[in-house]
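The structure appears below as structure tokens.
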Amino acid sequence: AGRYPYLGDDVFVHYLGMWISSQDAEDGDADPVIFVDTKRDSQNKMGVPFRYGDPISGEIRELGGCPGLLKAIGSMRAGSERVIRVPPESGFGNQENVLSNRNRIPPNATLLYDIQLIRVVDNSKQGQARRRSRKESDEIYQKLEERRVQEVIQRDRLREKEYERELQRRNGEVVQEDKGELPGRPYFQRKEGKDSGNEKQNGKNQANESPRALSSTEQGMGEPPVPEQEG
Numbered sequence: 001a002g003r004y005p006y007l008g009d010d011v012f013v014h015y016l017g018m019w020i021s022s023q024d025a026e027d028g029d030a031d032p033v034i035f036v037d038t039k040r041d042s043q044n045k046m047g048v049p050f051r052y053g054d055p056i057s058g059e060i061r062e063l064g065g066c067p068g069l070l071k072a073i074g075s076m077r078a079g080s081e082r083v084i085r086v087p088p089e090s091g092f093g094n095q096e097n098v099l100s101n102r103n104r105i106p107p108n109a110t111l112l113y114d115i116q117l118i119r120v121v122d123n124s125k126q127g128q129a130r131r132r133s134r135k136e137s138d139e140i141y142q143k144l145e146e147r148r149v150q151e152v153i154q155r156d157r158l159r160e161k162e163y164e165r166e167l168q169r170r171n172g173e174v175v176q177e178d179k180g181e182l183p184g185r186p187y188f189q190r191k192e193g194k195d196s197g198n199e200k201q202n203g204k205n206q207a208n209e210s211p212r213a214l215s216s217t218e219q220g221m222g223e224p225p226v227p228e229q230e231g
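Mapping the sequence shown onto this note's numbering, position 160 (from 1) lands on 160, and the numbers just tick up by one.
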């Protein structure tokens with residue numbers, strides 16, 4: 001259950017107001033007439049504000065509020081709903097009341113209210129201190145949340161840059177491979193060049209060597225004899 005209102009607290013309410021004539025109220029054959037619905041008639045969508053304990057203002061009176069309504073709110077908790085019956089002496093008395101929505105409440109009318117107490121704001125010193133502390137905590141949390149969001153954004157940007165650099169590096173390797181090069185492997189390029197130079201040097205050495213002289217045995221053997229053909 002919510003908080004009861006205390007003197008000086010701000011309360012926010014919505015109510016549906018109806019009136020019945022005094023004669024109908026006495027006979028018990030009442031046919032209520034709606035004169036206000038604050039959910040529809042008021043610009044305060046979060047509830048009509050009252051300062052509990054203060055006299056009914058002209059603005060509240062134009063919205064169909066009366067002393068009996070404010071008195072009933074004092075016995076309600078925030079978040080509760082209640083239906084009350086207000087006699088003429090606690091309502092608008094023997095005077096006709098014209099509301100801001102142009103509805104009229106006749107003199108000596110009995111009023112019926114369906115009240116919803118939306119919220120009670122503690123205006124005591126303790127309540128004000130709690131609100132200040134809550135506000136400071138909310139501001140600190142908001143700053144931490146903003147810092148966390150900025151860190152996430154910066155991290156995502158760094159990842160995007162790294163991804164772009166990786167794509168550029170890979171695209172560069174593909175272009176070099178099409179040209180027949182070995183990208184990113186200078187060691188193997190140098191090794192390949194060294195081996196090619198050795199092969200060329202070996203070829204030159206072989207070309208410069210003189211032919212080997214034949215031995216006496218190889219010279220005496222001569223060419224192999226040709227077999228005689230039979231006539």
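Don't be surprised by glycine CBs; every beta carbon is placed ideally from N, CA and C.
Should S133 be labelled buried (16 or more other beta-carbon atoms within 10 Å of its own) or exposed? For the purposes of this step, residue 133 is identified with residue 133 of the sequence shown, where counting begins at 1. With fewer than 16 other Cβ atoms within 10 Å, it is exposed.
I115 - containing beta strand (DSSP E), residue span: Numbered from its first residue, the sequence shown carries residue 115 at position 115. First-last of the beta strand (DSSP E) with I115: 110-121.
Contact between the segment 71-89 and the segment 122-129: three or more CB pairs below 8 Å? The segment 71-89, when compared against the segment 122-129, does not touch it at the 8 Å Cβ threshold.
Quick test of your reading: L16 and D114, contact by CB under 8 Å. State the CB separation rounded to the nearest angstrom. Looking up residue 16 in the sequence shown gives position 16. Looking up residue 114 in the sequence shown gives position 114. The distance from the Cβ of L16 to that of D114 is about 4 Å, consistent with a contact at the 8 Å cut-off.
Which of the three DSSP states is assigned to I73 in this structure? If you number the sequence shown from 1, residue 73 lands on position 73. Three-state result, I73: helix.
Take I105 and list the residues in its own chain whose beta-carbon comes closer than 6 Å to its own, dropping the five residues that flank it on each side. The residue given as residue 105 occupies position 105 in the sequence shown. Excluding positions up to five away in sequence, the list reads W19, F35, F92, N97.
Do F12 and I118 have their beta-carbon atoms positioned less than 7 Å apart in this structure? Taking the first residue of the sequence shown as position 1, residue 118 is located at position 118. Taking the first residue of the sequence shown as position 1, residue 12 is located at position 12. I118 is a Cβ neighbour of F12, given a cutoff of 7 Å.
Determine, using beta carbons only, whether G74 and P32 come nearer to each other than 7 Å. As a first step, residue 74 must be located in the sequence shown, where it is residue number 74. As a first step, residue 32 must be located in the sequence shown, where it is residue number 32. Not a contact, by the Cβ cut-off of 7 Å.
Length of the line joining the Cα atoms of P88 and R77: If you number the sequence shown from 1, residue 88 lands on position 88. If you number the sequence shown from 1, residue 77 lands on position 77. The alpha-carbon atoms of P88 and R77 are separated by roughly 25 Å.
Taking S22 as the reference, give the member of G64, R3, P55, R85 with the closest Cα. Translated into positions along the sequence shown, residue 22 becomes position 22. Checking every option, the nearest Cα to that of S22 belongs to R85.
When S100, D156, N94 are compared against T232, the one with the closest alpha-carbon: With the chain represented from 1 up to 231, any question about residue 232 goes unanswered, as that position is not in the structure.
What are the boundary residues of the alpha helix (DSSP H) that D41 is part of? The residue you call residue 41 lines up with position 41 of the sequence shown. Taken as a continuous stretch (DSSP letters only), the alpha helix (DSSP H) holding D41 covers 38-41.
For E62, the first and last residue of its enclosing alpha helix (DSSP H): Along the sequence shown, one-based indexing puts residue 62 at 62. For E62, the uninterrupted alpha helix (DSSP H) segment begins and ends at 58-62.
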